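Have a look at the structure below before the remarks.
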Amino acid sequence: MADNMAADFTERTNFDELCATCEQMELDGVASGDVYTQLLALYLFQNDTCNAKFLWKRTPEEIKVSTPELAKLWNVGCHMWKRDFVSIYNSLKQEWSPTIQPIITALQEKLQKRAFDLVSNAYTSIRADDLASLMGITTEAAVSAAVSGGWTSDPTTGMITPMRTDLPKKEIPLTSEQELALLTDYVSFLEN
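Residue numbers (my numbering): 959 to 1150.
Below you can see the structure in the form of structure tokens.
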């Protein structure tokens, strides 16, 4: 039953819903090797390497032994933890089961986009070979992606000049002390 439910959700693209379902199945004690594999892939897709590591540690040993794909996926997680991009992409190039293939494809695309955005905001120029290794693609594909993204490429030197992109404004959550101070201000305002 657990395998069928997990396989049905794979066809959807709502990974948050799939993650919640897999987590609930694990809490209910009905998780199979496929469910653990999907949950680990989803944590890696969300770049939640801490939860991925804790999932690996709490996965029963008999499931780790009976599900070799789970170990392959944890290998990807270890490379993500170390930020070893070349090894991440090499590990992702393996054959994956149909239940996690959509997640792996989305993970690879997300990693490539994250690397592309990081380079565009962190570098004034970069060698095409270095960009290719950060994105896990060929040099020609990296140059093509860069040029289509509005970057300039100098074929004689092999350098690419990124076009800076505006980073999305992140709302920084308040610390506990700031929340307490804000609450104190509200209460004192109401009392006066």
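Beta carbons are placed, not taken as given, at the ideal position from N, Cα and C, and that holds for glycine.
Please read these numbers as outputs of a predicted model, since none were measured by experiment.
As assigned by DSSP and simplified to three states, the class of residue i
{"i": "T1063", "result": "helix"}
{"i": "M1058", "result": "According to the sequence shown, residue 1058 is Ile rather than Met. If DSSP states are grouped into helix, strand and coil, I1058 belongs with coil."}
{"i": "R1072", "result": "helix"}
{"i": "T1115", "result": "coil"}
{"i": "T1082", "result": "coil"}
{"i": "T1110", "result": "strand"}
{"i": "V1077", "result": "helix"}
{"i": "G991", "result": "helix"}
Continuous alpha helix (DSSP H) stretch holding residue i: start and end
{"i": "S1152", "result": "This structure leaves residue 1152 out entirely; the chain is present only between 959 and 1150."}
{"i": "S1146", "result": "1134-1149"}
Residues that residue i bridges to, as DSSP identifies them
{"i": "R1122", "result": "None, per the DSSP bridge assignment."}
Inter-residue Cα distance where the pair is residue i and residue j
{"i": "A1103", "j": "T1057", "result": "29 Å"}
{"i": "L1076", "j": "T1025", "result": "35 Å"}
{"i": "F973", "j": "W1039", "result": "21 Å"}
{"i": "C1036", "j": "F1003", "result": "14 Å"}
Residue i Cβ short of 7 Å to the ligand ADP heavy atom set
{"i": "Q1070", "result": "Absence of the ligand ADP from the depicted structure is noted, as is the absence of any ligand whatsoever, leaving it without description."}
Could you tell me whether the stretch 1139-1150 touches the stretch 1090-1110, where touching means 3 or more Cβ pairs closer than 8 Å? no
Quick check: the stretch 980-990 against the stretch 1061-1074, are there 3 or more CB pairs under 8 Å? no
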